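This report refers to the structure that appears directly beneath it.
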Amino acid sequence: MTAPLGRARFVATLTGRMRTDRWGVAGTDLGIATRLSSGAVAYFFGDTFESSAAGGPGWRSPVMLRSVAGALDGGVLEEGIVFDGACGGRYAREILPNAHDPSQRPDPETPGSEFTVIPCDAITVDRRVYLSVVSVHSWNSAAAPTNFTYLARSDDLGVSWQRTDARWDNTGGALDQMWTMDRADGYVYVMSSAFDRANPGGVILRRVPEHRIEEPWAYEAWVPERDEMPSGVWMSVRSAPVVPVLPGPVGELSLRRIEGTWVLAGFDPAAYAITTRTAPEPTGPWSEPVVQVAGGEWGAGDGTFAQIYGGFIHPDSALDDLHLLVSQWNTAEGAPYHVLQFRTSVAA
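Take a look at the structure:
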């Protein structure tokens, strides 16, 4: 079934030659955006290379770029976001330890195998920035592509980073591996899934007091309404059953509270599209997904975009002017491997 054409309008190609290669960032993906306490915006990218093709020299992940607040058009209509700096200065450095083990041993019991480290989402609590990260065991392991998820933090606006002790091991298809999160009313709300676009498990919802984010046992899980609990209930993760709030399979996710409305964007592998949903609360009820960027074939010329994923919401977005960062990678050719900017509306 062919996905309908998306509502979002293409703005610009954000990464690559003449955009980010000055920092050694020519080929990259993701571009997860979060606001720093300074007001600037930080962007976290995944596997990054000095060449435009994935697999070239200078492999590192994650890396971080910055832009000033409100730079969605770079001061020039339709130019798109313009980055003005990188963590590491003139060369965007790898901000967290990464084994870069090329063996990609698919056996999940093989100790010490970490092919790469991928950012999932970031949030600022007071002046501290938290980054959710997955340790990828192997792209070749369908049963368990990740080793675990952990939180990293920075107390100096992303200049330096350290791993925290907060870690969630992958127990085989666990739904707490690929995170997205935002704050409200003293809590951090986390929606997460398996790091696997074929896993039908869906999306689970948790929350934690924002200043206890580094304490895994301080989290509560939302258990949706059932016969014995007609309104749904928050329960400690120590005793809560794993009950999805949205169906799977899902890809990358991006949760943001905008003008009092919760917006969830991301990649829908079944629809082959970047979609959005809205809700009055993170517990729902969530709207049906709306296709914003439709997937297609290379060179189709029909308003679709080939081999897309991601779909991260920019923090300067409004409901009637939502900006999405979408990755595109020609896996057959290696390039393009870059991030695109789209704009749309999710206003009622």
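Residues in the sequence shown are numbered from 1 upward in steps of one, following UniProt numbering. Positions of the beta carbon are idealized from the N, C-alpha and C atoms, including for glycine. Note that this is a predicted model, so its numbers are computed, not measured.
I think residue i touches residue j, with their Cβ atoms under 8 Å apart; what is that distance to the nearest whole Å?
| i | j | result |
| --- | --- | --- |
| Asp121 | Trp179 | 5 Å |
| Trp9 | Thr344 | Trp is not the amino acid found at residue 9; the sequence shown has Arg there. Right, their Cβ atoms sit about 7 Å apart. |
| Arg128 | Arg153 | 6 Å |
| Asp101 | Ser113 | 5 Å |
| Ala221 | Glu259 | Ala221 to Glu259, Cβ: 27 Å. No contact. |
| Ala69 | Asp316 | 7 Å |
Rounding to the nearest angstrom, what Cα-Cα distance links residue i and residue j in this structure?
| i | j | result |
| --- | --- | --- |
| Leu324 | Asp165 | 31 Å |
| Leu157 | Ser38 | 8 Å |
| Arg212 | Leu96 | 22 Å |
| Leu175 | Glu252 | 13 Å |
| Val237 | Glu79 | 45 Å |
| Gly232 | Ala240 | 12 Å |
| Gly173 | Asn147 | 11 Å |
| Met64 | Phe49 | 13 Å |
| Pro269 | Glu94 | 29 Å |
| Leu36 | Leu30 | 18 Å |
| Ser192 | Val136 | 16 Å |
| Trp286 | Ala273 | 18 Å |
| Thr283 | Ser51 | 43 Å |
| Pro247 | Ile123 | 25 Å |
| Phe342 | Val326 | 8 Å |
| Met181 | Ala194 | 15 Å |
| Ala306 | Glu297 | 5 Å |
| Ala71 | Thr116 | 31 Å |
| Gly85 | Gly56 | 22 Å |
| Leu151 | Tyr189 | 14 Å |
| Phe267 | Val250 | 6 Å |
| residue 394 | Ala26 | In the structure as shown, the chain starts at 1 and stops at 348, and residue 394 therefore has no counterpart that could be examined. |
| Arg163 | Gly299 | 42 Å |
| Met235 | Gln177 | 19 Å |
| Val11 | Leu340 | 8 Å |
| Asn330 | Pro336 | 6 Å |
| Arg7 | Ala265 | 13 Å |
| Ser103 | Glu214 | 32 Å |
| Thr261 | Ala271 | 24 Å |
| Leu322 | Asp155 | 29 Å |
| Tyr130 | Ile81 | 23 Å |
| residue 381 | Gly24 | No answer is possible for residue 381: it lies beyond the span of the chain, which begins at 1 and ends at 348. |
Do residue j and residue i come within 8 Å of each other at the CB atom, strictly closer than that value?
| i | j | result |
| --- | --- | --- |
| Ile308 | Gln292 | no |
| Phe83 | Pro62 | no |
| Val243 | Pro224 | yes |
| Val346 | Val263 | yes |
| Val41 | Arg22 | no |
| Thr15 | Thr28 | yes |
| Pro216 | Trp168 | yes |
| Gly149 | Ser138 | According to the sequence provided, residue 149 is Thr. The question's Gly does not apply to it. No, they are not a contact pair. |
| Arg257 | Ile313 | no |
| Gly334 | Ala92 | no |
| Thr275 | Pro289 | yes |
| Val208 | Ala218 | yes |
| Val159 | Cys87 | yes |
| Pro196 | Pro145 | The question names Pro, yet the displayed sequence has Asp at residue 196. Their beta carbons are under 8 Å apart, which means Asp196 touches Pro145 by this criterion. |
Within 10 Å of its beta-carbon, does residue i have 16 or more other beta-carbons around it, so buried, or fewer, so exposed?
| i | result |
| --- | --- |
| Ala332 | exposed |
| Gly295 | buried |
| Thr171 | exposed |
| Glu210 | buried |
| Asp302 | exposed |
| Asp320 | exposed |
| Gly46 | buried |
| Ala348 | exposed |
| Pro200 | exposed |
| Gly89 | exposed |
| Asn140 | exposed |
| Pro119 | buried |
| Gly311 | buried |
| Ser254 | buried |
| Gly186 | exposed |
| Ala33 | buried |
Got a sec: does the ligand GDP put a non-hydrogen atom nearer than 7 Å to the Cβ of residue i?
| i | result |
| --- | --- |
| Trp217 | The ligand GDP is absent from the structure shown, which contains no ligands of any kind. |
- Message: Three or more C-beta pairs under 8 Å: does that hold for the stretch 200-208 against the stretch 273-281?
- Response: no
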